[in-house]
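Here the structure comes first, spelled out in structure tokens, and everything after it is commentary.
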Amino acid sequence: MRELAPQFQIPWSIPTEAEDIPIVPTTSGTMMELRCVIAIIRHGDRTPKQKMKMEVKHPRFFALFEKHGGYKTGKLKLKRPEQLQEVLDITRLLLAELEKEPGGEIEEKTGKLEQLKSVLEMYGHFSGINRKVQLTYYPHGVKASNEGQDPQRETLAPSLLLVLKWGGELTPAGRVQAEELGRAFRCMYPGGQGDYAGFPGCGLLRLHSTFRHNLKIYASDEGRVQMTAAAFAKGLLALEGELTPILVQMVKSANMNGLLDSDGDSLSSCQHRVKARLHHILQQDAPFGPCSFTSQSIAHCQTQKS
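Each residue of the sequence shown is one higher than the one before, counting from 1 in the UniProt record's numbering.
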């Protein structure tokens, strides 16, 4: 810039005031400015996650699966309010038909449909971040695929595995955790000395109001993660008000794939292989017979074996 300034008639001078560019001493004795901090943060304290699985074979579910492009990958995730409303409408129609004809052609279990309906009707509205429905296509039925039977010898009709997930929401304690972490990050930037003594983090707040501010907050599509990001931004920038407006304005949740080195698909495949291996070991080595595959049962079998 010093070389180009005379050539393009650009006035340029080195800022000397400490308030313009806060600088901090380093271990090597030089003075440098903190320009960038990158953090990967886990969500705060949450309520227990809950899940319900059911096999569905009704044409309405297959039509919904095809409408949203589920056949391209064999899997479909429904989180948007209009998508969840479609699932709720199908569930209500099937329950109404079961009331008229209890012994009809509907194969879905009434108890599962009622639970699906009650969860989707919670809160009286869809926010898009506290519930989701996943559909997975099985060409020879869920039972045949899970039991490892030969598809060539099976004549079962295709079906969809519907997985309903809810809960796992950020608790008030989780919000406080995220806001306190944001305030702690605010104090990492210098500039609270001199006339601003007693106001830790004011250097970042001044930076936030200038053109040199370049804060980006990314979060996955999980509700607890998005609300944690909004609470973190509230503490970091000393914002006021509810978290929802902060979430809408500052948190980005699109195009999350690729931000980390490993994508979800590769991690999921590795996880399935590890689970299958552990399940095989438990079936062979359990001293009191086969164990169901949960973290608690693994710990129990290892304790008994030792």
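Positions of the beta carbon are idealized from the N, C-alpha and C atoms, including for glycine.
- Leaving aside the five residues that flank Val-225 on each side, the residues in its chain whose CB is nearer than 7 angstroms to its CB run, in chain order, His-43, Ala-219.
- Linking Asp-45 to Glu-86 through their CA atoms gives a straight-line distance of about 31 angstroms.
- Here the C-alpha atom of His-279 lies approximately 51 angstroms from the C-alpha atom of Leu-204.
- The C-beta distance from Glu-108 to Val-56 rounds to 6 angstroms, short enough to fall under 8 angstroms.
- DSSP, reduced to helix, strand and coil, places Met-188 outside both helices and strands of the structure shown, so it counts as coil.
- Note: Leu-78 is bridge-paired with Val-133 in the DSSP secondary-structure output.
- As for any beta strand (DSSP E) of minimum length 3 sitting wholly inside the segment 87-121, there is none.
- The beta carbon of Thr-110 is closer than 6 angstroms to those of Leu-98 in its chain, skipping five residues each way along the sequence.
- Of the other Cβ atoms in all chains shown, fewer than 16 fall within 10 Å of the Cβ of Ala-276; this residue is therefore exposed.
- With a threshold of 16 other beta carbon atoms within 10 Å, Met-227 meets it and is buried.
- Burial state of His-58 is buried, judged by a 10 Å Cβ sphere holding 16 or more other Cβ atoms.
- A contact is defined here as three or more CB-CB pairs under 8 angstroms, and the segment 134-144 meets this definition with respect to the segment 68-79.
- Contact check for Glu-179 against Gly-235 passes: the beta carbons are separated by less than 8 angstroms.
- For Ser-220, DSSP records no beta bridge to any residue.
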